[in-house]
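Chemist: My questions will all concern the structure given below.
This is how it looks when you write it as structure tokens:
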């Protein structure tokens with residue numbers, strides 16, 4: 001969400017660890033017109049990057065991490081309002097390693 005409007009065409013990346021290095025990116029997704037996305041990642045995935053990023057770190061419970069390529073459970077992030085500034089949010093021009 002961006003205020004009360006769904007944030008469409010927003011890139012969402014899943015990183016292996018708390019790092020901006022592209023080698024740690026497990027997956028990339030783009031939000032749809034309703035601002036929703038599904039992202040699944042594994043260590044076999046690699047996707048490129050666009051310039052200028054807003055980095056928001058979200059932690060999720062360990063039980064949602066699965067060994068292998070097929071997830072056993074989905075984690076619902078809920079609604080993220082992109083008009084808000086999140087704790088430890090960063091703005092970076094490019095991801096390292098590209």
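Numbering (full-length UniProt numbering), first residue to last: 1 to 98.
For glycine and all other residues, C-beta sits at the position ideal for the given N, C-alpha and C.
#1: Restricting to runs no shorter than 4 residues, where is the alpha helix (DSSP H) found entirely within the segment 59-92?
#2: To which residues does DSSP link residue 14 through a beta bridge?
#3: Assign residue 31 to one of two classes, buried (16 or more other C-beta atoms within 10 Å of its C-beta) or exposed (fewer than that).
#4: Measure the CB-CB distance between residue 7 and residue 82 and report whether it falls below 9 Å.
#5: Note down the Cα distance separating residue 36 from residue 3, rounded to an integer number of angstroms.
#6: To the nearest angstrom, report how far apart residue 47 and residue 79 are at their CA atoms.
#7: Which residues in the same chain have their Cβ closer than 7 Å to the Cβ of residue 15, if we skip the five residues on either side of it in sequence?
Modeler: Well, looking at it:
#1: none
#2: Taking the chain shown and counting its residues from 1, one reaches residue 14 at position 14. 27, per the DSSP bridge assignment.
#3: Your numbering for residue 31 matches position 31 in the chain shown. So residue 31 ends up on the buried side.
#4: As a position in the chain shown, residue 7 is number 7, starting the count at 1. As a position in the chain shown, residue 82 is number 82, starting the count at 1. Yes, the pair counts as a contact, with Cβ atoms nearer than the cut-off.
#5: As a first step, residue 36 must be located in the chain shown, where it is residue number 36. As a first step, residue 3 must be located in the chain shown, where it is residue number 3. Looking at the two C-alpha atoms, the distance is approximately 15 Å.
#6: Residue mapping note: residue 47 aligns to position 47 of the chain shown, counting from 1. Residue mapping note: residue 79 aligns to position 79 of the chain shown, counting from 1. Note on residue 47: pLDDT 48, under 50, position unreliable in the model; the coordinate value appears next. Their Cα atoms are separated by approximately 25 Å.
#7: Translated into the one-based positions of the chain shown, residue 15 becomes position 15. Within the same chain, residue 15 has close Cβ partners 24, 25 and 26.
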